[in-house]
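Q:
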Amino acid sequence: MTPPTVAVVGGGQLARMMAGPATALGLRLRVLVEAPGSSAAQAVADGPVGAAADVAAVTALVDGADVLTFEHEHVPGDVLDAVAARGVPVRPGPHALLHAQDKVVMRERLTALGVPCPRWSPVSTGEELAAFLAEAGGRAVVKTARGGYDGKGVRVVRDANEVADWLDAAAAGTGPRLLVEELVPFRRELAALVARAPSGEVVTWPVVESVQRDGVCAEVVAPAPGLDPATEAAAVEVACRVAEGLDVTGVLAVEMFEVDDPDGGAPRVLVNELAMRPHNSGHWTIDGAVTSQFEQHLRAVLDLPLGGTEPRAPWTVMVNLLGSALDDPAQALPAVLADPGVKVHLYGKDVRPGRKLGHVNVSGHDLEDVRARARAAVALLRGETSATHDGGTA
Ligand code: ADP
């Protein structure tokens, strides 16, 4: 009997981290990588090189595969349609994925579903933006509908001139559409992680707090400390409504803002962003939950029963390794692993300033201890030897 083959577009760390669970479940993973030796190519035996936008490369990838899935959303619709036409299931499907590709489409659909979002509007001229700014108290967040990641494609502005380049490109048809949102005075950022199978089975992990620096996820605390049970229930309900309403299959991460309730009740949530794949806010599940988001994604896209999502410890803290002074962060392993509770995940990527090179998970009963140890481990991986340093993450 041939084991199921899962074809994955994208050769970064997210595809790399599917390799372990695929091996454990006896699945075959075939990953379309952007370049030989990429993060995922180092971890899978079957890693053809090709671009996500190349119809021939993607159709060859799915030849003999049971399902096509992704580690990023940047796959053009015509490529997905070509795969679907060959009878290979695409999960999540093109109709769902569109909402993770285009922020205007996402905002329109979430608004129609009654999902709470920041006040927003599409904008195509400086006058429209100026009018929104005037109503929003003089500051707002302008975003490109497509192509943004890690805060690229997001600008906080006071004046339409600050995005003149984007407005010009959109008007000329050489750049993506734009939208503007109120600048949300959030208490903190939360993320709800859901997995949904084609069978309709849906599971959720505990809602986490995610700490962003310069638009990049720096740390995640699972579960979100001090989260009001009513806020948690609202976050989970919203995430499930999105998963079902958009017919998502696989893992869905819903990034949210926690905001004060104007009526003095439990804090509320507003949805910021969707990711239809394993997401940085879910890396804690590898060591901190019964089933990791990577295993769950494989189970979900193959329509297998989903695994338990219970935390393995009261607290898990994930700290990202963003850049390093070392040639290779692995040089620090002897020092880092001296703490037996530290779980290191390195992505095999060349060091560049600010680049996501890996992450560390630490679980335990005492949140401050767990957080301090995770930060200390990352400081060592960054080549900062002082034990008192906070790893540049404070
Ligand atoms: P990306 O797609 O690049 O990840 P996001 O839309 O998630 O962009 O925005 C990146 C970060 O910018 C968010 O994590 C948040 O910190 C901040 N941000 C985005 N939208 C808003 C908003 N409407 N109000 C306040 N902060 C925002």
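Numbering-wise (my numbering), the sequence shown opens with residue 904 and increments by one.
Glycine residues also receive a C-beta, built at the ideal position from the N, C-alpha and C atoms.
(1) Is any heavy atom in the ligand ADP found nearer than 7 Å to the beta carbon of Val-1162?
(2) For Val-1159, does the count of other Cβ atoms within 10 angstroms reach 16, so buried, or fall short, so exposed?
(3) Just the Cα atoms here: how many angstroms apart are Val-1204 and Ser-942?
(4) Is Leu-1225 near Val-1254, with beta carbons less than 8 Å apart?
(5) Which two residues bound the contiguous beta strand (DSSP E) that contains Ala-1098?
(6) With distances taken from CA atoms, which of Asp-949, Glu-1176, Asp-984 is nearest Gly-967?
(7) Mind checking whether Pro-906 and Leu-935 have CB atoms under 8 Å apart?
(8) Check whether the Cβ atoms of Pro-1021 and Glu-1085 sit closer than 8 Å, and answer yes or no.
(9) Enumerate in chain order the residues of its own chain whose CB-to-CB distance from Gly-1153 is below 8 Å, with the five nearest sequence positions on each side excluded.
(10) By how many angstroms is the C-alpha of Ala-1073 removed from the C-alpha of Ala-1067?
(11) Under a three-way DSSP split, which group does His-998 fall into?
(12) Please name the residue or residues paired with Pro-1126 in a DSSP beta bridge.
(13) So which of Glu-1112, Arg-1144, Glu-1122 has the shortest CA-CA distance to Asp-1131?
(14) Can you tell me the Cα-Cα spacing of Val-1145 and His-1248, whole angstroms?
(15) Does the beta-carbon of Phe-1035, which I'm using as the reference point, lie nearer than 7 Å to any heavy atom of the ligand ADP?
(16) Cα separation between Glu-1031 and Arg-1042?
(17) Would you give the residue range spanned by the alpha helix (DSSP H) that Arg-1012 belongs to?
(18) Restricting to Cα atoms, I'd like to know which of Val-1263, Glu-1147, Asp-1005 is closest to Thr-1107.
(19) Return helix, strand or coil for Ala-1063, following the three-state DSSP convention.
(20) Among the residues of its own chain, which have a CB less than 6 Å from the CB of Gly-1286, if the five just before and after it don't count?
(21) So, helix, strand or coil for Cys-1143, using DSSP?
(22) Given a cut-off of 8 Å, decide if Tyr-1250 and Gly-1261 are closer than it, judged by their beta-carbon atoms.
(23) Would Val-980 and Pro-992 qualify as a contact pair, given that the criterion is a beta-carbon distance under 8 Å?
(24) Following the continuous alpha helix (DSSP H) through Gly-980, name the residue where it begins and the one where it ends.
(25) Do Met-921 and Val-911 have their CB atoms nearer than 8 Å?
(26) Taking the DSSP output, what are the residues bridged to Cys-1120?
A: To lay it out plainly:
(1) no
(2) Looking at the sequence shown, residue 1159 is not Val but Met. Per the 10 Å Cβ criterion, buried.
(3) 22 Å
(4) no
(5) 1091-1099
(6) Asp-949
(7) no
(8) yes
(9) Thr-972, Arg-994, Pro-995, Ala-1098, Arg-1099, Met-1179, Arg-1180, His-1200, Ala-1203, Val-1204
(10) 10 Å
(11) helix
(12) The partner list for Pro-1126 (beta bridge, DSSP) is empty, contrary to what the question assumes.
(13) Glu-1112
(14) 30 Å
(15) no
(16) 14 Å
(17) 1006-1015
(18) Glu-1147
(19) helix
(20) Ser-1227, Ala-1228, Leu-1229
(21) helix
(22) yes
(23) Looking at the sequence shown, residue 980 is not Val but Gly. No; because the gap between Cβ atoms is not below 8 Å, this pair is not in contact.
(24) 980-988
(25) yes
(26) Gln-1115
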